[in-house]
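Note that our numbering numbers the sequence shown so that position 84 is 859, with each residue one more than the last.
Have a look at the structure below before the remarks.
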Amino acid sequence: FDGAVWQKLANGAAAEPWNVEGTTNPATANSENIYQTGNVYVTAAAVPTTTKTVNITTGGYYYFDGAVWQKLANGAAAEPWNVEGTTNPATANSEN
Numbered sequence: 776f777d778g779a780v781w782q783k784l785a786n787g788a789a790a791e792p793w794n795v796e797g798t799t800n801p802a803t804a805n806s807e808n809i810y811q812t813g814n815v816y817v818t819a820a821a822v823p824t825t826t827k828t829v830n831i832t833t834g835g836y837y838y839f840d841g842a843v844w845q846k847l848a849n850g851a852a853a854e855p856w857n858v859e860g861t862t863n864p865a866t867a868n869s870e871n
């Protein structure tokens with residue numbers, strides 16, 4: 776990548792970074808069938824949007840739920856879990 780386009784490799788082969796899932800066709804957009812179960816950081820809104828990228832409206836962390844990209848919510852002040860069967864926040868890693 777030279778900052779604008781993907782350059783061919785020395786042997787003349789295309790240097791596209793990925794193919795459309797399940798094919799040997801090169802992806803033509805960063806969001807084209809490269810879905811995975813982890814999260815990614817997006818720097819700007821998806822343009823143009825697709826049915827899978829419709830929720831990418833701003834920069835931030837996103838994950839793919841199998842249908843569309845979802846923005847990770849900011850849970851800075853939220854307790855990560857409660858004691859099993861209660862609404863009491865867990866205070867130790869060993870509490871269920």
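Glycine is no exception: its CB is placed at the ideal position from the N, C-alpha and C atoms.
As the structure is a computational prediction, the values presented were derived from the model and not from experiment.
Rounded separation between residue i and residue j - CA only
i	j	result
residue 846	residue 830	7 Å
residue 816	residue 825	18 Å
residue 848	residue 785	43 Å
residue 860	residue 822	45 Å
residue 820	residue 813	19 Å
residue 827	residue 869	38 Å
residue 843	residue 832	13 Å
residue 866	residue 841	33 Å
residue 863	residue 818	37 Å
Residues that residue i bridges to, as DSSP identifies them
i	result
residue 857	864
residue 846	837
residue 830	DSSP, once it has assigned bridges, lists no residue as partnering residue 830.
residue 876	Missing from the structure shown is residue 876; the chain here goes from 776 to 871 and no further.
Spell out a yes or no on whether the region 832-844 and the region 854-870 are touching, meaning 3 or more CB-CB pairs, one atom from each, closer than 8 Å.
No, the region 832-844 does not touch the region 854-870.
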